[in-house]
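>
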Amino acid sequence: MKAPNAPRHIAIIMDGNGRWARARGLERAEGHEQGVRAAERTYRACQERGVPHLTLYAFSYANWMRPQDEVDMLMRLCGEFAENNRDEFVRRGIELQVIGDLEELPTSTRRQVEETIEATEGGTRMTLTLALGYGGRNDLVGAVRAIAARAQAGIMLPEEIDEDAIRSFMTTNTLPDPDLVIRTGGEKR
């Protein structure tokens, strides 16, 4: 059932799983696994309420600096999330897309994610975007570099560079601006 005045785009920064686990005397891994379950409940609830776009900031560019065993576990969970929910995404008409550099992901994770992207292509009831290895500043720098190269090559004039031009070169260019941004974990930044 579509909620009246449902947001068009909700973005969730998935944070605090390790702190959640520590507060309960659990291993960090259990916190991350609970985060995956929460993500599953969230995409279902958003779709059922008629939210057409949901972005889950699941693994930031800065997360690559975490201990390797934690990075490996997070990558495994991201791949499993995509693979384990693939059939449900298809049934529900959910199209999966990713922002971030897929080439940086481990081969098995990238394969699981790419296969789910392919299987869900054309889903019309909701777009679920996973941010994997994504950093907003990195995205902006990439956009500015692309624009600078075009300007240097004479393809783009400096006066053509505006907010819309910059946005068109960002990896988030297909998404509407979020109506609601939630950072889980209780930290305020």
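Using our numbering, the first residue of the sequence shown is number 1296, and each one after it goes up by one.
We treat Cβ as the ideally placed atom computed from N, Cα and C, and that holds for glycine.
Can you find the residues in the same chain that come closer than 8 Å, C-beta to C-beta, to residue 1486, ignoring five residues on each side of it along the sequence?
Any answer about residue 1486 is impossible in this case: the structure gives the chain only from 1296 up to 1484.
> If you measure between the beta carbons of residue 1346 and residue 1305, is that distance less than 8 Å?
The count along the sequence shown starts at 1 and reaches residue 1346 at position 51. The count along the sequence shown starts at 1 and reaches residue 1305 at position 10. Closer than 8 Å, so yes.
> Going by DSSP in three states, residue 1306 sits in which element: helix, strand or coil?
Walking along the sequence shown from the start, residue 1306 turns up at place 11. Note: residue 1306 maps to strand in three-state DSSP.
> Nearest-angstrom Cα distance between residue 1385 and residue 1454?
The sequence position of residue 1385 within the sequence shown is 90, counting from 1. The sequence position of residue 1454 within the sequence shown is 159, counting from 1. If you take the alpha carbons of residue 1385 and residue 1454, they lie about 44 Å apart.
> Taking 8 Å as the threshold (C-beta atoms), are residue 1418 and residue 1374 in contact?
Position 79 of the sequence shown, counted from the first residue, corresponds to residue 1374. Position 123 of the sequence shown, counted from the first residue, corresponds to residue 1418. Contact flag unset, no.
> I'd like to confirm the pairing. Which residues does DSSP put opposite residue 1487 in its beta bridges?
Not covered by the structure: residue 1487. The range shown for the chain is 1296 to 1484.
> Less than 8 Å between the C-beta atoms of residue 1328 and residue 1372, yes or no?
In the sequence shown, residue 1328 corresponds to position 33, counting from 1. In the sequence shown, residue 1372 corresponds to position 77, counting from 1. Yes, these two residues count as a Cβ contact at 8 Å.
> Are the stretch 1433-1453 and the stretch 1403-1411 touching by the rule of at least three beta carbon pairs closer than 8 Å?
Because the criterion of three Cβ pairs below 8 Å is not met, the stretch 1433-1453 and the stretch 1403-1411 do not touch.
> Going by DSSP, which residues form a beta bridge with residue 1386?
Here the question's residue 1386 lines up with position 91 in the sequence shown. Beta-bridge pairing links residue 1386 to no other residue.
> Please classify residue 1363: is it buried, with 16 or more other beta-carbons within 10 angstroms of its beta-carbon, or exposed?
Looking up residue 1363 in the sequence shown gives position 68. Result: exposed.
> To the nearest angstrom, how far is the alpha carbon of residue 1348 from that of residue 1300?
Numbered from its first residue, the sequence shown carries residue 1348 at position 53. Numbered from its first residue, the sequence shown carries residue 1300 at position 5. The straight-line gap from Cα to Cα measures roughly 14 Å.
> Look at the alpha carbon of residue 1402 and the alpha carbon of residue 1459, and state the distance between them as a whole number of angstroms.
Taking the first residue of the sequence shown as position 1, residue 1402 is located at position 107. Taking the first residue of the sequence shown as position 1, residue 1459 is located at position 164. In a straight line, the C-alpha of residue 1402 is about 34 Å away from that of residue 1459.
> Within a Cβ cutoff of 7 Å, which residues of the same chain sit near residue 1324, ignoring the five residues on either side of it in sequence?
As a working note, residue 1324 is residue 29 in the sequence shown. If we look at residue 1324 and ignore the five residues flanking it on each side, its Cβ neighbours are 1368.
> CA-CA distance, residue 1383 and residue 1404?
Residue mapping note: residue 1383 aligns to position 88 of the sequence shown, counting from 1. Residue mapping note: residue 1404 aligns to position 109 of the sequence shown, counting from 1. Cα to Cα, residue 1383 sits roughly 19 Å from residue 1404.
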